[in-house]
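Heads up: the protein sequence lines correspond to chains P and L, in order. The opening position of the first sequence corresponds to residue 0 in numbering that gives the first Met the number 0, with each subsequent residue numbered one higher. The opening position of the second sequence corresponds to residue 0 in numbering that gives the first Met the number 0, with each subsequent residue numbered one higher.
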Amino acid sequence: MNYGLIYRIALSLLLARWKQTLVAAIGVTFSITMFIALLGFMNGLNDLLDGLIVNRTPHIRLFNEIKVNQNQPINSTEQFASSYNFIRSVRPVGNRQGIYNSYAILKAVQKDDRVSGVAPKANVQVFFSAGATDITGVINGIEVAVESRLFHFNDYVTHGNPLDIEALSNSIILGKGMADKLMAQMNDVIEVVNPQGEQFSLKVVGIFQSGIQEFDKTQCYASLKTVQKILSKGTSYFTDIQIKLKNIDTAPMVAKEYAQIFQVDSEDIQTANSQFETGSFVRSLISYAVGITLLIVAGFGIYNILNMMIYEKMDSIAILKAIGFSGADVNLIFILIALSIGIAGGLVGLLFGFLLSAGIDQIPFRTASLPTVKTYPVNYNVAFYLIGISFSLITTYLAGLFPARKASKVDPVIIIRGK
Amino acid sequence: MGIVLEAKAINKYFHDPITAQVLKDITFSISKGEFVSVVGKSGCGKSTLLYILSTMDTDFDGNLFIDRELTNKKSEKELAHLRNEKIGFVFQFHYLLNEFTVLKNVMLPGLKLNKYKEDEVAHRAMDRLQMLGIQHLATKKANQLSGGEKQRVAIARALINDPLIIMGDEPTGNLDKKNSQIVFDIFMQMAEEYKQKPLIGMSSEYLLRKIRTLRT
């Protein structure tokens, strides 16, 4: 078949009705533009909200949970070996929060090539003295450099330099809510009391704001050494080992594996934050649904215009058939017309979609809870653009299918006889 | 002389609104170089017969041979190719594509046949236009032409693939007397020039006095 000729005929039919063609193409352009902008914006928001939790949450957390010993003495007595023993009100004994053999575990995990980073952490519950009252809070002992690299810690420090807690001994970064409650300013010295009742003086070298107010009211950060000092423990005392993996999807599997190898408790991000994934999924679903609806509407527009074009070009179709074009050729001509509208409208739509996204990206968006965000978030994922152009091709093809079939079935005899 | 078109016992019925037989046992054959007029009253089935002979209408009983090949069993696609290659058609109405220039209109069946390269087809189209005395219109759009000019372009288009048969369905029906005479002269001239080649089936009262007449 002579495709060049078919294409030229399709093109000239298109251009002969360029105003209608333009309207049809604008329909596609509009829907693709909105599709791209909507998905980009929605996913930008998703990333932002996920980032609030997911970026700051380790993929796997290894810790030592305080729990009852599973091997109670009665279970080792032969007399009751074959019976089921109920023991009430068992209490955990001799448990500690620090991970056993923590340093060796840290080294072993660092060597695993599925792991992209490991950050040890030591938490301590303390009382902050605010005049006559004490406020409970948690001090997280961290290695600032690693914590910043893996969990973007530095992004959330709104005042002061996070590295100061390593440089200055006995220094602390307070959560915004905690600082407000304590009426503490930068460079103030605050008093904390550890569980054993010992008092420490810490200098405020920074304020951080995570975006989650409840979190900022209780959480504070200090260097690992400072926390180990407050707890009077050695340098290998960690309560948590936070692990970031190269592939987040493997977290549940790797978490189980580590729990078994190192005899610790482990928690993976999927289990800890399943509600966030659900939220992201639903938001994506809504934006896809709206985008596809727009495209289907555009598809009906194309269908209408092609149908009108066929009635208008009935004579041309009849003569093409009389001079030797088969039904398949005519079919192809109209499919090509539909696809050309889809491609042209779609490509322009991608461009406008990109521009609109870039425009949204410039709109100021300031919120107290998100200090690092200055404008509306937009995701420029190439996948949206590929999906957009594929959808525009598929819908225009489907819209062209029926009119093209109708055109291919035109009986030239009826048209010619009618004249 | 080789027979190029043969009809055997062709019957045609119309079913709407009531079944009526239009063509009854039409049997005849036409050889190369013959000039045949089909004459009859208005509504007696001249056009209907021509559509059957041109393979566009396949809803009939009987056998139709074109170039000694039975057409009844051929697919729609094969018939389209056959029309493209072997039949030139001139209708009462010109049926030019307004989106194309005159030259492109003439070239269209040639490009579809894809036997010659595009510039060769253009050259052949110019030859046809020259023969019909309208080569100066080649670059104009089809809708800028007068009725007589359009019909001549349609004739040029019918000739582009050197068809075995040229069929005219009242090709002068829409034209005034002067233009009718021009178109008619062209047909006469072609019949003389292409003695070996085309057969011209016409259903026009105007050609009544011509060489051989089929009555339906």
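We treat Cβ as the ideally placed atom computed from N, Cα and C, and that holds for glycine.
- CA-to-CA, the gap between T70 (chain L) and A79 (chain L) works out to about 11 Å.
- Q218 (chain P) is bridged by DSSP to P:V137.
- Here P170 (chain L) has V89, F90, Q91, Q150, A153, I154, V182, F186, M201, S203 as same chain residues with Cβ atoms under 8 Å from its own Cβ, once five neighbours each way along the sequence are excluded.
- In the structure shown, the three-state DSSP call for S41 (chain L) is coil.
- T366 (chain P) carries a strand assignment under DSSP once its states are collapsed to helix, strand and coil.
- D175 (chain L) sits in coil when the DSSP states are folded into three classes, being neither helix nor strand.
- Exclusion of the five residues before and after A129 (chain P) leaves L181 as the residues of its chain whose Cβ lies within less than 6 Å of its Cβ.
- Under the three-state reduction of DSSP output, Y12 (chain L) falls in the strand class.
- In terms of Cβ geometry, I240 (chain P) and H58 (chain P) do not form a close pair [threshold 9 Å].
- For secondary structure counted as the beta strand (DSSP E) over 3 or more consecutive residues, the region 145 to 176 of chain L holds these complete runs in sequence order: 164 to 167.
- For E266 (chain P), the enclosing beta strand (DSSP E) covers residues 264 to 267.
- Q124 (chain P) is positioned such that its CB atom lies no closer than 9 Å to that of V143 (chain P).
- Following the DSSP letters along the chain, one finds V143 (chain P) inside the alpha helix (DSSP H) bounded by residues 143 to 150.
- When the five nearest sequence neighbours on each side are left out, the beta carbons in the same chain lying within less than 8 Å of the beta carbon of F29 (chain P) are those of L293, A297, G348, in order along the chain.
- Beta bridge pairing from DSSP links E5 (chain L) with L:S28, L:F64.
- Nearest C-alpha to L49 (chain L) among L:I86, L:Q188, L:K73: L:I86.
- N104 (chain L) and L335 (chain P) have their alpha carbons spaced roughly 20 Å apart.
- In the three-state DSSP reduction, R60 (chain P) falls in the strand class (E or B).
- Remark: C-beta atoms of G278 (chain P) and L48 (chain P) approach each other more closely than 9 Å.
- DSSP places H122 (chain L) in the uninterrupted alpha helix (DSSP H) bounded by 117 to 130.
- For R123 (chain L), no CB of chain P lies under 9 Å from its own CB, so it is not counted at the interface with that chain.
- The alpha-carbon of S339 (chain P) is positioned some 37 Å away from that of G167 (chain L).
- When the Cα atoms are used, F383 (chain P) and E77 (chain L) turn out to be separated by approximately 44 Å.
- For the region 319 to 331 of chain P, the residues whose beta carbon sits under 9 Å from a beta carbon of chain L are, in order, L319, K320, A321, I322, G323, F324, S325, G326, A327, D328.
- One thing to note: L223 (chain P) has its Cβ within 9 Å of the Cβ of G140 (chain P).
- Taking the CA atoms as reference points, M185 (chain P) sits about 15 Å from L162 (chain P).
- Ranking P:M33, P:L51, P:G43, P:N63 by CA distance to the CA of Q259 (chain P) puts P:N63 first.
- Inter-residue distance for D60 (chain L) and K23 (chain L) is about 10 Å (C-alpha atoms, whole angstroms).
- Below the 7 Å Cβ cutoff, chain L contributes F90 as neighbours of I415 (chain P), in chain order.
- Within the same chain, V101, L102, V105, Q134, L136, A137, V152, A155 come within 8 Å of L128 (chain L) by CB-CB distance, once the 5 residues on both sides are set aside.
- Across the structure, R60 (chain P) and V289 (chain P) are spaced so that their CA atoms are roughly 38 Å apart.
- Within chain L, the residues placing a beta-carbon under 8 Å from that of V412 (chain P) are Y50, M55, D56, ordered along the chain.
- Excluding five sequence positions before and after T47 (chain L), the CB atoms of its chain that fall closer than 8 Å to its own CB belong to K11, V21, L22, D56, given in chain order.
- Taken through DSSP and simplified to helix, strand or coil, N330 (chain P) comes out as helix.
- The continuous beta strand (DSSP E) containing G116 (chain P) extends over residues 114 to 129.
- Membership of Q96 (chain P) in any alpha helix (DSSP H) is not indicated, and neither H nor E is assigned to it by DSSP.
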